[in-house]
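> Encoded as structure tokens, here's the structure I'll be asking about.
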Amino acid sequence: KRKIILDCDPGHDDAIAIILAAARPELEILGITTVSGNAEIEKTTNNALKVCDLVSLKDVVVSKGASEPLIRVRETAPGIHGDSGLDGPELPDPSRSWSDEHGSDTIIRLVKESNEPVTILPTGPLTNVALALTKAPEIKNNIEEIVLMGGGTFGNWTPTAEFNIWADPEAAKKVFDSGVPIAVMGLDITHQALATKEVIEQVNKIDNNVARIVGELLVFFASTYKEMFDFDGAPVHDVLTVAYCVAPELFKMKDVNITVETKGEFTAGTTLVDLHGVTGREVNAKFGLELDVEGFWKLMIDALKKY
Ligand code: BDR
Ligand code: CA
3 KRKIILDCDP GHDDAIAIIL AAARPELEIL GITTVSGNAE IEKTTNNALK
53 VCDLVSLKDV VVSKGASEPL IRVRETAPGI HGDSGLDGPE LPDPSRSWSD
103 EHGSDTIIRL VKESNEPVTI LPTGPLTNVA LALTKAPEIK NNIEEIVLMG
153 GGTFGNWTPT AEFNIWADPE AAKKVFDSGV PIAVMGLDIT HQALATKEVI
203 EQVNKIDNNV ARIVGELLVF FASTYKEMFD FDGAPVHDVL TVAYCVAPEL
253 FKMKDVNITV ETKGEFTAGT TLVDLHGVTG REVNAKFGLE LDVEGFWKLM
303 IDALKKY
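Here full-length UniProt numbering runs 2 ahead of the position in the sequence shown, where the first position is 1.
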């Protein structure tokens, strides 16, 4: 089994990423850590706990992580995810509370304790991961890969920056400069995974509670994406990190160098994806170019049927 840590800010697509991960037998979820991003930290943490209840992840530790970016002022995304961070479906209050340990310390502990290398899947701002790598750089030796959602060759929060990277560029830079193997699901590939009307219809045909909730999440997410970006269907960005861990053959990736702009007057949080090797800088990431869209949705639908 591949051992994973989900570091997230649920978030509709983060929630669906947890749901996919919990359904896949080849993954072992060591822990879930949360970060402020789509909503404030208490909200994203409560949302993670609610999703754990939904899919019966009773024994997986859920730790509340960073409430603020490393140095910048926090900004959230209620226009996309609603005020709660997970608007749409009615989910019962969580049956348990979060752990006392800070999310970044949970990452450090779980990586150190694991007898096999761990894969970290960050699907929010990279604050917790940057903190963990700074406090305990020795954990790098036991990290198999960081498979993250963030960045791309264009933006969604500014003309050039994607939300997760933009929300904490200094943290993102630390992660990209860390030397740990990184796979990147940026907007170039996540915008191929659109939950269209047809997809939602397929989800709604599945007769179980988890699929019903996922259907409601997708309907809400699609409505804000229509409003903000005039998209027909919401891109389920974060879910691709989990899908990549279980079915890498669905992904066409390219070895590139990626740097993060932290200073630009207009471009802070931009990822510079050197697709053509013009900088001569060393490769530090695999970058997602193309998704087998049909294969991806089949994986998702099959997982939902198991609930
Ligand atoms: C990213 O930002 C959030 O809105 C989503 O959860 C995803 O992680 C997309 O830019
Ligand atoms: Ca997210």
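Backbone N, C-alpha and C fix where the C-beta goes; we use that ideal spot for every residue, glycine too.
1. Please determine if the segment 65-80 and the segment 37-55 are in contact, where contact requires at least 3 C-beta pairs separated by less than 8 Å.
2. Among K176, I82, L29, whose alpha-carbon lies nearest the alpha-carbon of L220?
3. For the alpha helix (DSSP H) containing D9, name the first residue and the last one.
4. For ligand 2, I want to know if T125 counts as a neighbour, meaning its beta carbon is within less than 7 Å of at least one of the ligand's heavy atoms.
5. Cβ atoms of F178 and T261: under 8 Å apart, would you say?
6. Do the CB positions of D55 and P127 come within less than 8 Å of each other?
7. Where does the unbroken beta strand (DSSP E) through T273 begin, and where does it stop?
8. Counting Cβ pairs, one atom from each stretch, are 3 or more of them under 8 Å apart for the segment 263-275 and the segment 161-175?
9. Leaving out the 5 sequence neighbours to the left and right, which residues in its chain are closer than 6 Å to K307 when beta-carbon positions are compared?
10. Would you report the Cα separation of V244 and R76, rounded to the nearest angstrom?
11. My assumption, with CB atoms under 8 Å, is that V186 sits in contact with G290. Please give the rounded CB distance.
12. Is it buried or exposed, V280, if we count other Cβ atoms within 10 angstroms and call 16 or more buried?
13. Exposed or buried, what is T136 when buried is set at 16 or more other beta-carbons lying within 10 Å of its beta-carbon?
14. Can you pull the DSSP bridge partners for K137?
15. Whole angstroms is fine: what's the gap from G90's alpha carbon to D294's?
16. Can H104 be considered in contact with ligand 1, in the sense that its beta carbon sits closer than 7 Å to one or more heavy atoms?
17. Taking the alpha-carbon positions, what's the Q194 to E292 distance?
18. My assumption, with CB atoms under 8 Å, is that I148 sits in contact with I184. Please give the rounded CB distance.
19. Could you tell me the distance, in whole angstroms, from the CA atom of R111 to the CA atom of A138?
20. Would you please state the rounded distance, in angstroms, between the beta carbons of E28 and I6? I believe it to be under 8 Å.
21. Should D170 be listed as close to ligand 2, given that the test is whether its C-beta is under 7 Å from any heavy atom?
22. Going by the C-beta, is C10 closer than 7 Å to any heavy atom of ligand 2?
23. So is the beta-carbon of N40 under 7 Å away from any non-hydrogen atom of ligand 2?
24. I82: beta carbon under 7 Å from a heavy atom of ligand 1?
25. What number of angstroms, rounded off, separates the C-alpha of A224 from the C-alpha of E203?
26. Would you mind stating whether A17 and L88 have Cβ atoms separated by less than 8 Å?
27. Identify whether L252 lies in helix, strand or coil by the three-state DSSP scheme.
28. Ligand 1 and E30: does the residue's C-beta get closer than 7 Å to at least one heavy atom of that ligand?
29. Any heavy atom of ligand 2 closer than 7 Å to the Cβ of D95?
30. Taking buried to mean at least 16 other C-beta atoms within 10 Å of its own C-beta, is H278 buried or exposed?
31. Quick one: residues in its chain with C-beta nearer than 7 Å to the C-beta of V53, no 5 flanking neighbours on either side, listed in chain order?
32. To the nearest angstrom, how far is it from the Cα of G235 to the Cα of A213?
Based on what the coordinates show:
1. Enough Cβ pairs lie closer than 8 Å, so yes.
2. By alpha-carbon distance to L220, the top candidate from K176, I82, L29 is I82.
3. Under the DSSP assignment, D9 falls outside any alpha helix (DSSP H), being part of the beta strand (DSSP E) whose first and last residues are 4-10.
4. Answer for T125: yes, Cβ within range of ligand 2.
5. Against a cut-off of 8 Å, the Cβ pair of F178 and T261 comes out as a contact.
6. The Cβ-Cβ distance between D55 and P127 does not fall below 8 Å.
7. DSSP places T273 in the uninterrupted beta strand (DSSP E) bounded by 273-275.
8. Yes, the segment 263-275 is in contact with the segment 161-175.
9. Once the five neighbours on either side are set aside, the close Cβ partners of K307 are I208.
10. So the alpha carbons of these two residues sit roughly 26 Å apart.
11. Indeed they touch by this definition, with Cβ atoms about 6 Å apart.
12. The residue is exposed, with fewer than 16 neighbouring Cβ atoms inside 10 Å.
13. Counting the other Cβ atoms within 10 Å of the Cβ of T136 gives fewer than 16, which makes it exposed.
14. DSSP output for K137 lists no bridge partner at all.
15. It is roughly 28 Å from the alpha-carbon of G90 to the alpha-carbon of D294.
16. Checking every heavy atom of ligand 1 against the Cβ of H104, none is found closer than 7 Å.
17. Rounded to whole angstroms, Q194 to E292 spans 8 Å at the Cα level.
18. That pair is a contact at about 5 Å.
19. Looking at the backbone, the Cα of R111 and that of A138 are separated by about 10 Å.
20. A Cβ-Cβ separation of about 10 Å leaves E28 out of contact with I6 under the 8 Å criterion.
21. Not under cutoff, so the answer is no.
22. Indeed, a heavy atom of ligand 2 lies less than 7 Å from the Cβ.
23. Answer for N40: yes, Cβ within range of ligand 2.
24. Result yes, Cβ under 7 Å from ligand 1.
25. Each residue's Cα considered, the two are about 13 Å apart.
26. Taking 8 Å as the Cβ cut-off, A17 and L88 qualify as a contacting pair.
27. Reduced to three states, the DSSP call for L252 is helix.
28. No; taking the cut-off as 7 Å, the Cβ of E30 has no heavy atom of ligand 1 nearer than that.
29. Distance from the C-beta of D95 to the nearest heavy atom of ligand 2 is not below 7 Å.
30. The Cβ neighbour count for H278, taken over all protein chains shown within 10 Å, is under 16; the residue is labelled exposed.
31. When the five nearest sequence neighbours on each side are left out, the beta carbons in the same chain lying within less than 7 Å of the beta carbon of V53 are those of P12, A17, I20, I21, in order along the chain.
32. Looking at the backbone, the Cα of G235 and that of A213 are separated by about 17 Å.
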